[in-house]
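In the UniProt record's numbering, the protein residues as written are 1 to 400.
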């Protein structure tokens with residue numbers, strides 16, 4: 001039986017690598033017809049070729065689309081880079097025009113440091129009244145104005161040398177009277193403001209009236225009565241003052257002297273006293289109670305000294321505080337003290353030296369009321385403090 005025409009081809013032709021042979025596809029080749037065999041040969045080859053061509057076409061089209069998409073971005077980047085280069089070239093030409101080629105390149109400018117505004121007041125000044133704002137008993141809102149008003153009134157009440165016209169009264173008699181007034185203030189437990197005001201009333205009355213020595217105690221006791229009515233909530237009565245005078249005067253005499261003092265001074269008895277300024281300045285210095293008591297002792301020592309009666313009360317208070325701060329090694333006169341007191345440290349140096357001299361030598365050493373009072377533990381025994389050496393004090397004051 002003759003072989004088919006394709007039988008030789010099947011036996012001699014080797015299958016291609018990667019291609020499936022007809023023998024492997026058909027387990028029983030005898031059942032396959034020639035037409036089916038041709039179809040089986042064409043189908044596995046033609047379909048992959050068609051798919052490969054389609055995939056190649058799709059890849060080419062996709063590549064063209066990506067190239068179209070990427071091209072504008074590259075062009076845009078190139079355009080931006082070209083613009084930056086042109087700007088850099090223009091800026092370089094401008095900078096070369098401004099600076100000559102011989103000059104060195106200028107250093108980069110630094111941001112200017114803003115200048116601090118000039119302070120309108122002394123630097124490092126503390127507001128000492130802000131802690132008591134809203135306190136109706138402190139009147140902190142008006143404290144500064146009140147003390148400025150009192151400073152303004154000092155000139156009106158400056159004392160002249162009235163001892164020249166007093167024929168029967170001497171400085172020593174005045175010192176003895178003040179020493180007795182200190183004892184009265186302590187026995188009646190009066191405020192210190194009452195004592196200071198009473199001494200001022202005596203001095204201003206003696207400026208206008210020539211008095212005899214037998215009336216001096218009456219003037220002093222009446223001055224305490226008037227000052228008590230002005231300063232105290234519960235002032236002593238007239239009989240109390242007659243008692244402390246050992247009934248040396250009658251009731252009518254005391255009342256008559258009260259009328260005489262008030263009319264002579266024209267009822268203007270709100271006289272500035274050093275004790276008020278001392279408390280104010282001690283608050284500015286944040287002084288402790290012990291330091292304030294030492295300054296009070298120095299200030300009270302001056303009450304019986306006639307030479308200090310003509311000093312400005314505010315200046316005397318500031319000098320007493322400065323000496324107390326120096327004795328305690330607590331520093332000098334701060335900007336806050338200078339601002340609120342109105343005195344710089346150099347203004348106080350002469351008076352500070354005089355106060356230290358008074359504390360050292362005690363002209364009226366027989367008058368013990370003030371020293372005995374401030375030797376008590378209640379007053380921190382400040383009267384027992386050793387005075388400063390004059391040379392050392394001068395060195396410290398020079399360094400301030």
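Every residue, glycine too, gets a C-beta built ideally from N, C-alpha and C.
Reference residue i; option with closest CA among the options
| i | options | result |
| --- | --- | --- |
| residue 373 | 397, 187, 324, 268 | 187 |
| residue 309 | 201, 240, 263, 242 | 201 |
| residue 141 | 290, 133, 148 | 133 |
| residue 240 | 184, 322, 197, 377 | 184 |
| residue 172 | 307, 137, 155 | 307 |
| residue 366 | 259, 169, 180 | 180 |
| residue 302 | 139, 136, 182, 149 | 182 |
| residue 401 | 213, 228, 203 | In the structure as shown, the chain starts at 1 and stops at 400, and residue 401 therefore has no counterpart that could be examined. |
| residue 268 | 221, 279, 156 | 156 |
| residue 148 | 314, 368, 126, 346 | 314 |
| residue 405 | 335, 221, 347, 346 | There is simply no residue 405 to check, as the chain begins at 1 and stops at 400 in what is shown. |
Buried versus exposed call for residue i [16 or more other C-beta atoms within 10 Å across all chains shown]
| i | result |
| --- | --- |
| residue 158 | exposed |
| residue 312 | buried |
| residue 296 | buried |
| residue 341 | buried |
| residue 399 | exposed |
| residue 356 | buried |
| residue 263 | exposed |
| residue 39 | For residue 39, the predicted model reports a pLDDT of 43, less than 50, meaning its position is unreliable and no value from the coordinates is stated. |
| residue 377 | exposed |
| residue 386 | exposed |
| residue 35 | Confidence is the limiting factor: at residue 35 the pLDDT is only 44, short of 50, which leaves the residue's position unreliable and the question unanswerable from this model. |
| residue 25 | Because residue 25 carries a pLDDT of 42, less than 50, the predicted location of this residue cannot be relied on, and the following value inherits that uncertainty. Exposed: under 16 other Cβ atoms inside 10 Å. |
| residue 104 | The pLDDT assigned to residue 104 is 48, lower than 50, so where the model puts this residue is not dependable; a value taken from the coordinates is nonetheless given after this. Per the 10 Å Cβ criterion, exposed. |
Rounded straight-line distance, which links the Cα of residue j to that of residue i
| i | j | result |
| --- | --- | --- |
| residue 223 | residue 261 | 8 Å |
| residue 145 | residue 299 | 24 Å |
| residue 388 | residue 257 | 43 Å |
| residue 288 | residue 230 | 28 Å |
| residue 277 | residue 339 | 13 Å |
| residue 328 | residue 130 | 27 Å |
| residue 370 | residue 176 | 12 Å |
| residue 178 | residue 124 | 41 Å |
| residue 465 | residue 270 | As shown, the chain starts at 1 and ends at 400. That puts residue 465 outside it, with no answer to give. |
| residue 226 | residue 232 | 10 Å |
| residue 375 | residue 349 | 27 Å |
| residue 238 | residue 169 | 25 Å |
| residue 266 | residue 198 | 16 Å |
| residue 235 | residue 393 | 42 Å |
| residue 211 | residue 196 | 21 Å |
| residue 243 | residue 136 | 38 Å |
| residue 286 | residue 174 | 35 Å |
| residue 139 | residue 151 | 18 Å |
| residue 252 | residue 384 | 43 Å |
| residue 368 | residue 189 | 18 Å |
| residue 347 | residue 203 | 26 Å |
| residue 221 | residue 259 | 13 Å |
| residue 254 | residue 279 | 32 Å |
Same chain only: Cβ atoms within 6 Å of residue i, ignoring 5 sequence neighbours per side
| i | result |
| --- | --- |
| residue 452 | Shown here, the chain extends from 1 to 400; a query on residue 452 therefore has no answer. |
| residue 192 | 275 |
| residue 293 | 379, 380, 382 |
| residue 153 | 272 |
| residue 291 | 324, 328 |
| residue 143 | 129 |
Spatial neighbours of residue i in its chain, beta-carbon cut-off 7 Å, leaving aside the 5 residues before and after
| i | result |
| --- | --- |
| residue 160 | 207 |
| residue 396 | 326 |
| residue 323 | 298, 352, 355, 356 |
| residue 69 | At residue 69 the pLDDT is 47, less than 50, meaning the model places this residue with poor confidence; the figure from the coordinates comes in the next sentence. So the list is empty, once near-sequence residues are dropped. |
8 Å Cβ shell around residue i - same chain, five flanking residues per side excluded
| i | result |
| --- | --- |
| residue 344 | 333, 338 |
| residue 281 | 317, 318, 321, 337, 340, 341 |
| residue 363 | 305 |
| residue 331 | 325 |
| residue 390 | 353, 356, 357, 360 |
| residue 213 | 168, 169, 173 |
| residue 62 | Legend: pLDDT at residue 62 = 49, less than 50; position of this residue unreliable, value from coordinates given subsequently. There are no such residues. |
Residue-chain proximity (residue i, chain D), Cβ-Cβ < 9 Å
| i | result |
| --- | --- |
| residue 156 | Among the protein chains of the structure shown there is no chain D, as only one such chain exists. |
### Task
Could you tell me whether the stretch 150–169 touches the stretch 205–212, using the rule of 3 or more Cβ pairs below 8 Å?
yes
### Task
State whether the stretch 234–249 contacts the stretch 214–221, with contact taken as three or more CB pairs (one from each stretch) at a distance under 8 Å.
yes
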